[in-house]
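Only one structure is covered here, and it is reproduced in the block below.
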């Protein structure tokens, strides 16, 4: 029995593909620090967990396809607090940010059409693009220049007759970049001129460390028809397993079309939506405290990496990832080697090889992504394993 | 800004499209009995709700992309109880049965390839097919013959070079059919001969009223490579808002490919999976009691319908829907008229027009689907509104 071509070609997640090696090591009693996946160790807010604990519902029933009213109303307030003014009808609740991205690709592009992305990009965009039968056309950015956005001229050179949208992740996973307002306005100008949608994945909106304010795609003037926000509560409230996100746009036709796809899959998880709606009651200090904790982690990881000879990395300004370019040939081999061979006090680490975050073949092979999502004590041990492991690996392999 | 062709063409759910009329009536203080959607009024089992209420987790974390171990182990036991022997690796947990169906279409078909379906079929297959860029090629079945499966010859005549799978819903939504073992074996033979996958949506497995046992696609001999089960816990445990389903196959390559798509969207809702896993502890009497209740409802609705002059319907043997062919031209107009104009004691009903359950243009226009998912008291009132409303409508419109 043949499988479809796309089933054979779809990318295996570089974030999860080395997981079996971790399982093998764990089965031998080795402790693994997981720096491969953006699963924070921050506790989910009590106010959210209480919704589960105090559940009064007798029936876990379908919700509306566009999302529960209380969830969408909570989002309206959340965005209002950010000086972004939308109403409930501009929002469709989705099953995580993942579904929002698949919807955005599906409603904007015909099969085989193209979306521009800046590589390295969130690797799962590849899977979503395969689902939606959309080609991701990469524009390369570089660790050496802080993964800065290319000039307008470079971007425009990549636009073809098939280009339908530009997709950004801001703050950037895996790069840690935060685009300036000027950069966002440049992208908006390009999109307006070439009739492209601007799809903005802003799930790390709260995670900015240098006092910047993220410019949301929804704030751009004159972009009401082309701006599409994809969002998720997973990171903001450390609730990754609650599959709740949203797609937001003021383009009414686009939202009406998206709703039809949303109707086919009936609804996003209802209890999760109720739980997330409660988080609107959190004070600003909640995010401030979380951010302070991540900032410590960021500094710890960055300081450890800068001490490694020949390693290139840029201090991330946002999100909670860092791309490290290693002074070795193949980062994936190094990670597998760590999982199979290298222990410090019977502990080791798993990270994500970065090659899968690039669409251009061959790029990123000597890079890896570290998610700094563990407490500083664990992270200190993990980075010690990383740096001593790399020394050892170079001795063994070079 | 142009939308994609598929965004314009994707079907609006006939189950949910008339909902705005219901909202309008409700806003005027009219009580609506909802017979349009398969949302049972049966309470979700306490054993499941207790998992939410007793939540110990401090972090609502990502689960494995293939589903939580406890959930997949519970499913292994569940199927074992049905004399179906699979192991955890044959299962991927999905976000409802919906995602399982999108996965099944995506891994079996290239873009533009075809899946045979027997119409009328579960209308949301249209949306999934648009998502997956697959053509549903309908083979018509008829109310007059109880929506019986066509002969092998008729089925084989519909197979083209582009056909990759046959998709069935057993027990059938919206038809209430339950395929015999002989019918299932005939389908298996056709699939084997023509190298087609057999995708079986069995979410209503427990809902059979005539003592039959549903023959699962997983029980068919020699079909290990081509059999794909799509399942959901929504109906079985009256937990539609818990978005938890699964795709099951013994075809290892197919499951490996499916896992890659599953990795892209990270995981299904984790707390919902935990809650569902607890339901494995329910005694057989749980389903027996639920079934007895539905059987009462089935008889009530069927008896009411058979009293309507000129109405054609067949007594459903499974699921909880009935297709009624009305002695009027347009069932959708009738439903809208009920919602806008017809009240009994300031109450009215909403049902789903059946045209959208057919892929052949023009078919089903005078049919509607009734979901018998309300208690007998409400259902009695609803069917009274239906029958008297139809009389009145005929007077006004014919």
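Protein chains in written order, with my numbering: chain A, 113 to 510; chain B, 113 to 510. Cβ atoms here follow ideal geometry from the backbone N, Cα and C, with glycine treated the same way.
Item: Residue 359 of chain B vs residue 212 of chain B beta-carbon contact at 7 Å; Value: yes
Item: Other residues of its chain near residue 399 of chain B: CB distance less than 7 Å, five sequence neighbours each side excluded; Value: 318
Item: Distance between residue 261 of chain B and residue 288 of chain B (C-alpha atoms, nearest Å); Value: 12 Å
Item: Below-7 Å beta-carbon distance, residue 394 of chain B vs any chain E residue; Value: Here chain E cannot be found, since the structure's protein chains are A and B.
Item: Which of helix, strand or coil DSSP assigns to residue 153 of chain A; Value: coil
Item: Exposed unless 16 or more other CB atoms sit within 10 angstroms - verdict on residue 238 of chain B; Value: buried
Item: Close Cβ partners of residue 538 of chain B (< 6 Å) along its chain, the five nearest in sequence each way excluded; Value: Summary: the structure shown does not reach residue 538 of chain B, with chain B confined to residues 113 through 510, and so no result is reported for it.
Item: Residue burial classification, residue 225 of chain B (beta-carbon count within 10 angstroms, cutoff 16); Value: buried
Item: Start and end residues, beta strand (DSSP E) containing residue 293 of chain A; Value: No beta strand (DSSP E) contains residue 293 of chain A, which is instead part of the alpha helix (DSSP H) from 293-306.
Item: Neighbour list for residue 553 of chain A in chain B, Cβ cutoff strictly below 8 Å; Value: Residue coverage of chain A in this structure runs from 113 to 510, which leaves residue 553 of chain A outside it and unanswerable.
Item: Residue 144 of chain A vs residue 462 of chain A beta-carbon contact at 7 Å; Value: yes
Item: CB contact check: residue 319 of chain A to chain B, cutoff 7 Å; Value: no
Item: Interfacial residues, the region 403-435 of chain A to chain B, with Cβ spacing under 7 Å; Value: none
Item: Interface flag, residue 248 of chain B vs chain A, CB-CB below 7 Å; Value: no
Item: Residues of the region 299-314 of chain A whose Cβ lies closer than 8 Å to any Cβ of chain B, in chain order; Value: 307 and 309
Item: Top-ranked residue by Cα proximity to residue 478 of chain B, from B:329, B:445, B:419 and B:265; Value: B:445
Item: Other residues of its chain near residue 223 of chain A: CB distance less than 7 Å, five sequence neighbours each side excluded; Value: 245
Item: Assigned exposure category for residue 346 of chain A - 16 Cβ within 10 Å defines buried; Value: buried
Item: Exposure label - residue 467 of chain A; buried when at least 16 CB within 10 Å; Value: buried
Item: Beta strand (DSSP E) runs contained entirely in the region 383-448 of chain B, provided each spans 3 or more residues; Value: 433-437
Item: 7 Å Cβ cutoff, residue 119 of chain A in contact with chain B; Value: yes
Item: Beta bridge counterpart(s) of residue 357 of chain B as assigned by DSSP; Value: B:206 and B:344
Item: Secondary structure, alpha helix (DSSP H): runs of 4+ residues fully inside the region 228-262 of chain B; Value: 236-244
Item: Neighbour flag for residue 236 of chain A against chain B, beta carbons, 7 Å; Value: yes
Item: Classification of residue 328 of chain B by the beta-carbon crowding that lies within 10 angstroms, buried from 16 upward; Value: buried
Item: CB contact check: residue 175 of chain B to chain A, cutoff 7 Å; Value: yes
Item: 7 Å Cβ cutoff met for residue 208 of chain B and residue 173 of chain A; Value: no
Item: Burial state of residue 439 of chain B (16 or more Cβ within 10 Å); Value: exposed
Item: Segment contact, 8 Å Cβ cut-off, at least three pairs: the region 331-341 of chain B with the region 306-317 of chain B; Value: yes
Item: Contact set for residue 276 of chain B: own chain, Cβ-Cβ below 6 Å, skip 5 residues either direction; Value: 220, 221 and 225
Item: Residue 168 of chain A, buried or exposed, once every other Cβ within 10 Å from all chains shown has been counted against 16; Value: exposed
Item: Neighbourhood of residue 506 of chain B by C-beta distance below 8 Å, restricted to the same chain and skipping five residues each side; Value: 439 and 440
Item: Residues that residue 311 of chain B bridges to, as DSSP identifies them; Value: B:279 and B:340
Item: Residues within the region 327-353 of chain A neighbouring chain B, beta-carbon criterion of under 9 Å; Value: 337, 338, 346, 349, 350, 351, 352 and 353
Item: Enclosing alpha helix (DSSP H) for residue 169 of chain A [first to last residue]; Value: From DSSP, residue 169 of chain A is part of no alpha helix (DSSP H); its letter is neither H nor E.
Item: Segment contact, 8 Å Cβ cut-off, at least three pairs: the region 284-299 of chain A with the region 230-237 of chain A; Value: yes
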